[in-house]
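> In the working numbering, the protein residues as written are -5 to 445.
The beta carbon of each residue, even a glycine, is placed where N, CA and C say it ideally should be.
Source: prediction; values computed, not measured.
Next up is a structure, given as structure tokens.
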């Protein structure tokens, strides 16, 4: 007789029983699923042309929505599995774990050299990319290459981008401090593993899911169901692992990545009423130019105040059904939808609002945390768009420090040198009074000649 949790039974499908009951895997740390043949990856195709790499499934998030939530744990250091760590005895006579393996702890450090490798990989991928790019896809590629979390990769690239901008401005960057910290922390990690006679991981590795002690999310249940011994639970668990990997592969391959678009150039859609309002404003503006008495400030062509930018949402008040729905926007409607019929008035011009302007108002859609983490606000993605679309130079990529200004000689030393030159001239060319007659002498000689 075997006991399985009720939640486990809802996920694990036992093919050996006539009841065709579903149960979830309750795996031990010794279970290893069979490796499948990945030869079909050569025929991988994606709806987006710039997607060329097929990602390997990692670890699921607690909500079972993202199969790339965490990269697979790959390290020389050995740690306890999440299931065994969650089922460890809670009561004992020791106040601490016997080893780093039993504590499910991995001491690792990401050095400055590793950060430079990640940033160089990003620059190479973006330089080789086609006209259509996606920072989300590029971050995924780098995360799989270095076996890191995509959030960590995005943070490293953004910090390296900021460092390049500081270097261009001539700010001092203390690389020697970073080298000293890396060396000391590496030394500390090596000594810690030598104390427990364990293998040093050397390379950086992300913490796996389950380090919090909760174990597998699917086994967190207090109720259990009796399962007959005739059911092959091990085979059902193996089939569940294969099925879960297939589902993860399908979800990854069908994912649509967000393309890099300059939202300042994308306008929202307008209805007939909004377009009619723009036409009325344009005709009134032309009439006001012909009739000075209709101008807001007649008799004065100078602007007396700075112009504000006004944003308004236009809708037909005669349609009662639409009015009742538009007065208050639900959370689901605001999640991924950009509000239409938004107008902007600036410097006497009425035009449709851009997507970037709508996102800066109270009608903005709910922000995607993953997209905001990858791209950020005024970050490396915006710098890339300014470089490719607007031709900006010096705002993206590696930057050189400005040349150091030449050091001028001290003012006191230059004054002393000038005084010495004057003294030298006076000594080399002495004045002879007899050879240089005065004006009075010259006048006397002229008088004698006249007589």
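Whole angstroms are fine: how far does the CA of residue 91 sit from the CA of residue 361?
Here residue 361 is taken as the residue at index 367 of the chain shown, counted from 1. Here residue 91 is taken as the residue at index 97 of the chain shown, counted from 1. Rounded to whole angstroms, residue 361 to residue 91 spans 42 Å at the Cα level.
> Determine the extent of the alpha helix (DSSP H) in which residue 148 is found, giving its start and end residues.
Against the chain shown, residue 148 aligns to sequence position 154. Here the alpha helix (DSSP H) through residue 148 covers 144 to 163.
> Assign residue 383 to buried or exposed, taking buried as 16 or more other Cβ atoms, counted over all protein chains shown, within 10 Å of its Cβ.
Your numbering for residue 383 matches position 389 in the chain shown. Label assigned to residue 383: exposed.
> Quick one, which of 61, 269, 44 and 397 has its alpha-carbon nearest residue 144's?
Here residue 144 refers to the residue found at position 150 when the chain shown is read from its first residue. Cα-wise, what sits closest to residue 144 is 61.
> Using only the alpha-carbon positions, how far apart do residue 169 and residue 150 sit?
Indexing the chain shown from 1 puts residue 169 at position 175. Indexing the chain shown from 1 puts residue 150 at position 156. The straight-line gap from Cα to Cα measures roughly 16 Å.
> Can you give the Cα-Cα distance for residue 392 and residue 171, rounded to whole angstroms?
Taking the chain shown and counting its residues from 1, one reaches residue 392 at position 398. Taking the chain shown and counting its residues from 1, one reaches residue 171 at position 177. Taking the straight line from one Cα to the other gives about 21 Å.
> Nearest chain B C-beta to residue 389 closer than 9 Å, yes or no?
The structure shown has no chain B; it contains just one protein chain.
> How should residue 388 be labelled, buried or exposed, when 16 other C-beta atoms within 10 angstroms of its C-beta is the threshold for buried?
In the chain shown, residue 388 corresponds to position 394, counting from 1. So residue 388 ends up on the exposed side.
> Compare the C-alpha of residue 467 against each of 267, 103, 373 and 37 and name the closest.
This structure cannot speak to residue 467, because the chain is shown only from -5 to 445.
> Determine the closest residue to residue 365 out of 80, 132 and 307, with distance taken between C-alpha atoms.
The residue given as residue 365 occupies position 371 in the chain shown. Residue 365 has its Cα closest to that of 132, out of 80, 132 and 307.
> Which of the three DSSP states, helix, strand or coil, is assigned to residue 63?
The residue labelled residue 63 in the question sits at position 69 within the chain shown. Reduced to three states, the DSSP call for residue 63 is coil.
> Applying the criterion that 16 or more other CB atoms from any shown protein chain within 10 Å of the CB defines a buried residue, is residue 39 buried or exposed?
Here residue 39 refers to the residue found at position 45 of the chain shown. Looking at its Cβ environment, which holds fewer than 16 other Cβ atoms inside 10 Å, residue 39 is exposed.
> What's the C-alpha gap between residue 186 and residue 206?
By one-based count along the chain shown, residue 186 stands at place 192. By one-based count along the chain shown, residue 206 stands at place 212. C-alpha separation (whole angstroms): 22 Å.
> Which same chain residues, not among the five before or five after residue 355, have their C-beta less than 6 Å away from its C-beta?
Numbered from its first residue, the chain shown carries residue 355 at position 361. Same-chain partners within the cutoff: 305.
> Within the continuous beta strand (DSSP E) that includes residue 262, where are the two ends?
Within the chain shown, residue 262 is the residue found at index 268, counting from 1. Element bounds for residue 262: n/a, residue is neither H nor E.
> Along the chain, where does the alpha helix (DSSP H) that runs through residue 381 open and close?
Residue mapping note: residue 381 aligns to position 387 of the chain shown, counting from 1. It spans 374 to 383 - the alpha helix (DSSP H) in which residue 381 sits, taken as one unbroken run.
> Hey, quick one: how far does the alpha helix (DSSP H) through residue 227 stretch, first residue to last?
The residue given as residue 227 occupies position 233 in the chain shown. Start and end: 227 to 247.
> If distances are taken between C-alpha atoms only, which option among 256, 339, 267 and 266 comes closest to residue 301?
Numbered from its first residue, the chain shown carries residue 301 at position 307. Of the candidates 256, 339, 267 and 266, the one whose C-alpha sits nearest the C-alpha of residue 301 is 339.
> Quick one: what does DSSP say residue 45 is sitting in, helix, strand or coil?
Mapped onto the chain shown, residue 45 falls at position 51. Note: residue 45 maps to coil in three-state DSSP.
> Compute the Euclidean distance between the alpha carbons of residue 276 and residue 346, then round it to the nearest angstrom.
On the chain shown, position 282 is the one that residue 276 refers to. On the chain shown, position 352 is the one that residue 346 refers to. Those two C-alpha atoms are separated by around 13 Å.
> Please go through the same chain and pick out, in chain order, the residues whose beta-carbon is closer than 6 Å to the beta-carbon of residue 66, but skip the five residues on each side of it.
Residue mapping note: residue 66 aligns to position 72 of the chain shown, counting from 1. So the qualifying residues of the chain are 52.
> Between which two residues does the alpha helix (DSSP H) containing residue 220 stretch?
Mapped onto the chain shown, residue 220 falls at position 226. From DSSP, residue 220 is part of no alpha helix (DSSP H) but of the beta strand (DSSP E) over 218 to 221.
> Return yes when the Cβ of residue 257 is within less than 9 Å of the Cβ of residue 353, no when it is not.
Taking the chain shown and counting its residues from 1, one reaches residue 353 at position 359. Taking the chain shown and counting its residues from 1, one reaches residue 257 at position 263. In this structure, residue 257 lies closer than 9 Å to residue 353 by Cβ.
> Pick from 270, 397, 390 and 386: whose alpha carbon is nearest that of residue 344?
Position 350 of the chain shown holds residue 344. Nearest C-alpha to residue 344: 270.
> Any idea if residue 100 is buried or exposed, counting beta-carbon neighbours within 10 angstroms, 16 or more meaning buried?
What you label residue 100 is simply residue 106 of the chain shown in a count that begins at 1. Buried: at least 16 other Cβ atoms inside 10 Å.
> Mapping the DSSP letters down to three states, classify residue 352 as helix, strand or coil.
Within the chain shown, the letter at position 358 stands for residue 352. Correct three-state label for residue 352: helix.
> Rounding to the nearest angstrom, what Cα-Cα distance links residue 95 and residue 223 in this structure?
As a first step, residue 95 must be located in the chain shown, where it is residue number 101. As a first step, residue 223 must be located in the chain shown, where it is residue number 229. Approximately 34 Å between the Cα atoms of the pair.
> Once the 5 residues before and after residue 109 are set aside, which same chain residues still bring their CB inside 8 Å of it?
Along the chain shown, read from residue 1 onward, the residue named residue 109 stands at position 115. Only 150, 153 and 154 meet the Cβ criterion.
> For residue 106, collect the residues of the same chain with a Cβ closer than 8 Å to its Cβ; drop the 5 residues on either side in sequence, then sort them by chain order.
Translated into the one-based positions of the chain shown, residue 106 becomes position 112. The answer, listed in chain order, is 169, 172, 173 and 176.
> My guess is that residue 204 and residue 79 are in contact by the Cβ rule of under 8 Å, so how many angstroms apart are they, rounded?
Reading the chain shown from its first residue, position 210 is the one you call residue 204. Reading the chain shown from its first residue, position 85 is the one you call residue 79. About 6 Å separates the two Cβ atoms, so the contact holds.
> Nearest to residue 199 by alpha carbon, out of 381, 283 and 68?
Taking the chain shown and counting its residues from 1, the one referred to as residue 199 is at position 205. It is 68.
> Let me confirm a value: residue 81 is counted as buried when at least 16 other C-beta atoms fall within 10 Å, else exposed. Which label applies?
On the chain shown, position 87 is the one that residue 81 refers to. Label assigned to residue 81: exposed.
> For residue 44 and residue 138, what's the separation of their Cα atoms in angstroms?
Along the chain shown, one-based indexing puts residue 44 at 50. Along the chain shown, one-based indexing puts residue 138 at 144. Rounded to the nearest angstrom, the two C-alpha atoms are 17 Å apart.
> Beta carbon of residue 259, beta carbon of residue 348: below 9 Å?
Against the chain shown, residue 259 aligns to sequence position 265. Against the chain shown, residue 348 aligns to sequence position 354. Closer than 9 Å, so yes.
> On the criterion of 16 or more Cβ atoms from any shown chain inside 10 Å, does residue 89 qualify as buried, or is it exposed?
In the chain shown, residue 89 corresponds to position 95, counting from 1. Exposed, because fewer than 16 other Cβ atoms sit within 10 Å of the Cβ of residue 89.
> Suppose only complete runs of 4+ residues qualify. What are the alpha helix (DSSP H) ranges in the stretch 93 to 153, listed by chain order?
Correct list: 106 to 122 and 129 to 140.
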